[in-house]
Amino acid sequence: MFSHIMIGSNDLERARRFYDAVLGVLGAGEPVSNKSPSGHMRLFYRHDGCAFGVTQPIDGEPATYANGGTIGFKCNSPEQVQAFHDTAVAHGGKSIEAPPGLRPTSSLGPLYLAYVRDPDGNKLCAMYRPK
3 MFSHIMIGSN
13 DLERARRFYD
23 AVLGVLGAGE
33 PVSNKSPSGH
43 MRLFYRHDGC
53 AFGVTQPIDG
63 EPATYANGGT
73 IGFKCNSPEQ
83 VQAFHDTAVA
93 HGGKSIEAPP
103 GLRPTSSLGP
113 LYLAYVRDPD
123 GNKLCAMYRP
133 K
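Residues 3 to 133 (the working numbering) make up the sequence shown, in order.
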């Protein structure tokens with residue numbers, strides 16, 4: 003359904019350190035750095051046919067996060083969810099909501115989840131759905 007997800011950052015080098023570590027847990031390699039036609043720098047992480055981008059806001063305004071928005075990352079095991087969470091916290095993220103763990107849901111069955119905010123305040127979710 004999605005071709006990519008792009009978020010803004012007020013400190014692209016800080017974001018790179020954070021996402022290099024956190025997305026590395028999922029198997030994403032080094033990002034491709036790109037300069038937009040407007041001269042703003044962007045980072046693109048690619049993994050399993052998906053792309054996640056971090057950019058300096060092109061309009062020149064400060065980057066803000068979406069209140070109510072969450073970006074979810076698919077994990078392969080509960081251990082990978084925990085590693086995503088722990089790596090995020092170790093690299094400037096903040097653990098939010100309940101601690102990482104199994105949560106019952108009414109329509110999707112049980113999910114193993116962890117929620118963090120990145121250094122710019124974007125809400126991230128690491129999710130594993132047991133088979």
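All C-beta atoms in this analysis are idealised placements derived from N, C-alpha and C, irrespective of residue type, glycine included.
Backbone CA spacing between residue i and residue j [nearest angstrom]
| i | j | result |
| --- | --- | --- |
| R16 | G94 | 9 Å |
| T89 | V83 | 10 Å |
| L14 | F20 | 10 Å |
| K96 | L25 | 16 Å |
| P106 | P112 | 4 Å |
| L28 | S40 | 31 Å |
| M8 | L126 | 13 Å |
| G70 | H49 | 26 Å |
| N78 | G31 | 17 Å |
| P132 | R18 | 30 Å |
| S109 | D122 | 31 Å |
| I81 | A65 | Here the sequence assigns Glu to residue 81, which means Ile is not the residue at that position. In a straight line, the C-alpha of E81 is about 32 Å away from that of A65. |
Classification of residue i by the beta-carbon crowding that lies within 10 angstroms, buried from 16 upward
| i | result |
| --- | --- |
| N124 | buried |
| G62 | exposed |
| D120 | buried |
| G10 | buried |
| L45 | buried |
| A68 | exposed |
Pick from the options that is closest to residue i, judged by C-alpha positions
| i | options | result |
| --- | --- | --- |
| Y2 | D50, L104, P121 and S5 | The structure shown does not extend to residue 2, since the chain is modelled only from 3 through 133, so no value can be given for it. |
| F86 | Y130, S109, L110 and D122 | Y130 |
| N12 | S5, I60, V118 and H49 | I60 |
| V91 | Y47, A23 and G10 | A23 |
Coarse secondary structure for residue i, derived from DSSP in three states
| i | result |
| --- | --- |
| H49 | strand |
| R16 | helix |
| Y130 | strand |
| A68 | coil |
| A90 | helix |
Using 8 Å as the threshold, is the region 91-100 in touch with the region 64-78, meaning 3 or more CB pairs across them?
no
Three or more C-beta pairs below 8 Å linking the region 53-66 and the region 34-43:
yes
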